[in-house]
Structures are given as structure tokens and as C-alpha cells.
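Enquirer: Heads up: the sequence shown begins at 7 in the working numbering, then just goes up one per residue. Even for Gly, the Cβ is constructed at its ideal location relative to N, Cα and C. Bear in mind that the values here come from a model prediction, so they are computed numbers and not experimental data. Below is a structure I'd like to ask you about.
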Amino acid sequence: MKKLTPYLANGSPKTCWGCGQPFVVRQGRAEAIVGADKRLYCHRTGCEETALVSHIPQLAAANTIARAA
């Protein structure tokens, strides 16, 4: 009997943090995008927006620091 887990053998999650669905598999590889919180989100779906929106405050802060220097 196999035990089903939400993680692969290497410790990577099999499902999206945002929607809980398994990652899209294209050409034999699961596609995901890493959000600013270091969690994996679906790639090329609505969850990608969630992952990218969290990057915007970090980019704005970096630009502010660069302008001050």
C-alpha cells in the first residue's frame, strides 16, 4: 500500500499554494512559479497573479532605496 503525500520524494510540493490544485504538467515537467513568500504557485494561471503581486512591494522598496543612494 502506498502512502499519498502532498510532497515529492525530493521534498517539493505537488500542489499550488494558492488553489491547492496539482501543478500543470507540460512536456513531462510540472510548471510552477515561486512567489515572494518562497511558495510555489501555478504557472500560466490565475494563481500566477497572486505570486507576482507579492513581488510589487519589494520592487517598490528597492527602487526607493536606489533613488536615495
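Return the residue from the list Pro19, Gln27, Ser18 and Lys20 that minimises the CA-CA distance to Gly52.
Expert: Gln27
Enquirer: Hey, Pro38 and Tyr47 are a contact pair by Cβ (cut 8 Å); roughly how many whole angstroms apart?
Expert: The sequence shown places Ala at residue 38, rather than the Pro named in the question. At roughly 6 Å, the Cβ-Cβ gap stays under 8 Å, so Ala38 and Tyr47 are in contact.
Enquirer: Tell me which same chain residues have a C-beta within less than 6 Å of the C-beta of Cys22, skipping the five on either side of it?
Expert: Tyr47, Cys48 and Cys53
Enquirer: Quick check on the DSSP output: the beta strand (DSSP E) that includes Arg45 runs from which residue to which?
Expert: From DSSP, Arg45 is part of no beta strand (DSSP E); its letter is neither H nor E.
Enquirer: For Leu58, is the beta carbon positioned less than 6 Å from some heavy atom of the ligand ZN?
Expert: With respect to the ligand ZN, the structure offers nothing, as it holds no ligand at all.
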